[in-house]
Amino acid sequence: MVDLKHSDIRIIDEAFQSEPGYCLNFSDRTFTEYFEDEFHINIDEPRYRAGGTSKMNRLRTFFRISDAALSTRVMRSLSEYREGILGPYNPETKKRLFGLIARIEGGVGVARTDALERFTADQTLDELIGSIERDINADKPAAALDRLHTYCSKKFGHLLDKRGVNWSRDEPLHSRVGKYVKAVNQEQALQDMTQQILKNSIGVFDKFNHVRNNQTLAHDNDLLHQAEARFIFDSVSAVLRFIKNVDTARFED
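Using this note's numbering, read the sequence shown as starting at 372 and increasing by one per residue.
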């Protein structure tokens, strides 16, 4: 069960209430069908009507009595639905909604930075990691993303150098990652799932190039809102941790 404050309910209302009692453009029928089709939930059950029978009252009650994982899944889905029918909505409204999602998911604490290694004696690397850590400790993941991209570029260049694989500074990040993945597959007999995860990471870093160029402080860009920036930072960090473990296995035995 999610412990929602009155201020949290106001955020939900701001995001999804079109007028008092109404949720976006749903009729009673389409509201019921949406929950059945997307989540296999009967939103007409008596327990969801405890706070009133309108669509918004049922939605508020649903969020109050459902677990965190289901609640945030529905919030994200409704947010995507809203943008699909109405187009992008007020950035502050979206920021508050995804901030609420982050709090519900336990994202109140700052992101972990343990994936960042000082893998070589390099003053630039020390200052780069220190700068990322300062922004993360200040809970500003959006400000840290461009430097995280720089860190990843240096990291994969280092991994390729260790293997004697040629690369150039002009190569985009995902190209370096692709060369690394190819080299690791030649070195080790990896499990199929491990190979797939490594292969998928190439696409992750390809998308990270776009984020770095268009949604970070690398240029005069509008930044991602905090919850999404935190998700990207955590996701890239998770890939780095996994690659660290795979690379460490190279030296075992």
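Built from N, CA and C at the ideal position, the CB exists for glycine as well.
Quick one: give me the first and last residue of the beta strand (DSSP E) that residue i is part of.
{"i": "S389", "result": "388-390"}
For residue i, does the count of other Cβ atoms within 10 angstroms reach 16, so buried, or fall short, so exposed?
{"i": "S572", "result": "buried"}
{"i": "L457", "result": "exposed"}
{"i": "E390", "result": "exposed"}
{"i": "E599", "result": "buried"}
{"i": "H520", "result": "buried"}
{"i": "M564", "result": "exposed"}
{"i": "R547", "result": "buried"}
{"i": "K376", "result": "exposed"}
{"i": "S400", "result": "Looking at the sequence itself, residue 400 is Arg, so the reference to Ser does not match. Classification for R400: exposed."}
{"i": "A514", "result": "buried"}
{"i": "T486", "result": "The question names Thr, yet the displayed sequence has Ala at residue 486. Burial call: buried."}
{"i": "D379", "result": "buried"}
{"i": "A509", "result": "exposed"}
Would DSSP call residue i helix, strand or coil?
{"i": "Y393", "result": "strand"}
{"i": "R540", "result": "coil"}
{"i": "V373", "result": "coil"}
{"i": "I383", "result": "helix"}
{"i": "T424", "result": "coil"}
{"i": "D624", "result": "Bear in mind that the predicted position of D624 carries a pLDDT of just 45, short of 50, making it too unreliable to give a figure here."}
{"i": "I414", "result": "coil"}
{"i": "D618", "result": "helix"}
For the alpha helix (DSSP H) holding residue i, just list the boundary residues, first then last.
{"i": "V445", "result": "439-457"}
{"i": "P462", "result": "462-475"}
{"i": "R489", "result": "Element bounds for R489: n/a, residue is neither H nor E."}
{"i": "L531", "result": "512-534"}
{"i": "T495", "result": "494-508"}
{"i": "E407", "result": "399-410"}
Would you kindly check if the distance between the Cβ of residue j and the Cβ of residue i is under 8 Å?
{"i": "R467", "j": "I412", "result": "no"}
{"i": "P512", "j": "R601", "result": "yes"}
{"i": "R444", "j": "F387", "result": "no"}
{"i": "R489", "j": "L496", "result": "yes"}
{"i": "V635", "j": "V610", "result": "There is simply no residue 635 to check, as the chain begins at 372 and stops at 624 in what is shown."}
{"i": "I503", "j": "R518", "result": "yes"}
{"i": "G470", "j": "Q597", "result": "yes"}
{"i": "D577", "j": "H529", "result": "no"}
{"i": "L531", "j": "K550", "result": "yes"}
{"i": "I436", "j": "R418", "result": "yes"}
{"i": "L499", "j": "F604", "result": "no"}
{"i": "I414", "j": "S442", "result": "no"}
{"i": "N580", "j": "P543", "result": "yes"}
{"i": "C394", "j": "F406", "result": "no"}
{"i": "M427", "j": "D374", "result": "no"}
{"i": "R429", "j": "S608", "result": "no"}
How about residue i: is its Cβ closer than 7 Å to a heavy atom in the ligand ZN?
{"i": "T401", "result": "Judged by which ligands are present, the structure shown has none, so any question about the ligand ZN falls away."}
Which ranges would you report for the alpha helix (DSSP H) in the segment 551-612 if only whole runs of at least 4 residues count?
-> 563-585
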